[in-house]
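Colleague: Residues in the sequence shown are numbered consecutively from 1, following the UniProt record's numbering. Okay, here's the structure, questions in a sec.
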Amino acid sequence: MSQWKPEVKFSGYPKPDIKWTKDEDLIESDNRCKIYVDETTSTIAIYSVERKDTGTYAIKASNSAGSAYLQLSLRVIGKRNLFVYRGTLGVKLLACGGTIDC
């Protein structure tokens with residue numbers, strides 16, 4: 001069983017509202033996919049990764065000061081659920097009067 005769990009750090013005042021999308025469609029937590037948000041981080045956890053999970057994921061942080069987003073690409077390959085993750089690691093984006101780190 002393979003899982004994908006990127007964690008993104010964010011900050012801002014007031015605390016940003018966090019939304020995750022896949023191919024521009026809003027993601028809601030369900031049995032296979034959970035979204036966690038605490039004071040400074042958000043994680044999307046996809047359990048039992050499948051080919052249909054391939055796509056462009058984005059996290060958007062928004063508040064009254066503005067918004068920022070970060071895109072992550074996931075490509076699931078083959079029956080063994082090998083996956084390729086492309087994202088911007090170590091990049092800080094000015095977001096909502098703060099930063100988003102990945």
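The C-beta atom is built at its ideal place from N, Cα and C for all residues, glycine as well. Just so we're clear, the structure is a prediction, and the values are computed from it rather than from any experiment.
1) Do the CB positions of Ala61 and Ile18 come within less than 8 Å of each other?
2) Among Arg32, Ala65 and Ser67, which residue has its Cα nearest to the Cα of Ile44?
3) Specify the secondary structure class of Ser2 as computed by DSSP and reduced to three states.
4) Would you grab the beta carbon distance between Asp23 and Thr56 for me? Rounded to a whole angstrom, and I think it's under 8 Å.
5) When you compare each of Asp53, Val8 and Val49 to Leu70 by their alpha carbons, which one comes out closest?
6) What does a CB cutoff of less than 6 Å around Ile35 pick up in its chain, not counting 5 residues either side in sequence?
7) Can you look up Asp17 in the DSSP assignment and give me helix, strand or coil?
8) Look up Thr54 in the DSSP assignment and give the residues it is bridged to.
9) Taking only three categories from DSSP, how would you classify Asp23?
10) Using beta-carbon positions only, say whether Val76 and Val37 come within less than 8 Å of one another.
Modeller: The answer reads as follows:
1) Within the sequence shown, residue 61 is the residue found at index 61, counting from 1. Within the sequence shown, residue 18 is the residue found at index 18, counting from 1. Result yes, Cβ atoms of Ala61 and Ile18 sit closer than 8 Å.
2) Position 44 of the sequence shown, counted from the start, is the residue given in the question as residue 44. When each option's Cα is compared against that of Ile44, the closest is Arg32.
3) Locating residue 2 in the sequence shown gives position 2, counting from the first residue. Note: Ser2 maps to coil in three-state DSSP.
4) On the sequence shown, position 23 is the one that residue 23 refers to. On the sequence shown, position 56 is the one that residue 56 refers to. 6 Å between Cβ atoms; contact.
5) Against the sequence shown, residue 70 aligns to sequence position 70. Residue Val8 is the option with its Cα nearest to Leu70.
6) Numbered from 1 along the sequence shown, position 35 holds the residue referred to as residue 35. Within the same chain, Cβ atoms closer than 6 Å to the Cβ of Ile35 are found at Trp20, Ser29 and Ile44, the five residues on either side in sequence being excluded.
7) Locating residue 17 in the sequence shown gives position 17, counting from the first residue. Reduced to three states, the DSSP call for Asp17 is strand.
8) Sequence index remark: in the sequence shown, residue 54 carries index 54 (1-based). Partner(s): none; Thr54 has no beta bridge.
9) For the purposes of this step, residue 23 is identified with residue 23 of the sequence shown, where counting begins at 1. Residue state, collapsed to three classes: coil.
10) Locating residue 76 in the sequence shown gives position 76, counting from the first residue. Locating residue 37 in the sequence shown gives position 37, counting from the first residue. Not in contact: Val76 and Val37 (Cβ atoms no closer than 8 Å).
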